[in-house]
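Residue numbers (the working numbering): 850 to 944.
Glycine included, each C-beta is placed from N, C-alpha and C at the ideal position.
For clarity, every value in this text was computed on a predicted model and none was experimentally measured.
Here is the structure we will look at.
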Ligand SMILES: [Zn+2]
């Protein structure tokens with residue numbers, strides 16, 4: 850017996866006014882439950898992909914932010930353009 854069929858039997862057994870188990874309904878509902886379970890798996894995979902994309906975006910954003918941070922104090926954003934080297938690596942707090 851499929852898991853879905855077993856669930857149907859259990860579900861029917863829990864209902865006090867439930868009629869007896871109907872094997873002819875089992876296959877139909879079983880197929881439907883299997884289809885829904887497949888859809889649930891697909892949605893879980895989609896959610897996982899979405900989670901990974903968001904994580905990658907977060908890391909990129911973090912990396913982008915770090916690029917603009919002062920390389921000396923790491924506490925503020927770069928503001929000073931050093932000349933003539935044109936290095937853009939420190940905040941106004943350093944000079
Ligand atoms: Zn700084």
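According to DSSP, which residues form a beta bridge with residue i?
i           : result
residue 901 : DSSP lists no partner for residue 901.
residue 926 : 918
residue 937 : 930
Keeping to the same chain, check which residues put their C-beta closer than 7 Å to that of residue i; ignore five residues upstream and five downstream.
i           : result
residue 917 : 926 and 927
residue 942 : 922 and 925
residue 939 : 919, 920, 921, 927 and 929
Indicate, with yes or no, if ligand 2 has a heavy atom lying under 7 Å from the CB of residue i.
i           : result
residue 921 : With respect to small molecules bound, the structure shown includes ligand 1 and not ligand 2.
Grab me the residues of residue i's own chain with a C-beta within less than 8 Å of its C-beta, minus the 5 sequence neighbours each way, in chain order.
i           : result
residue 937 : 927, 929, 930 and 931
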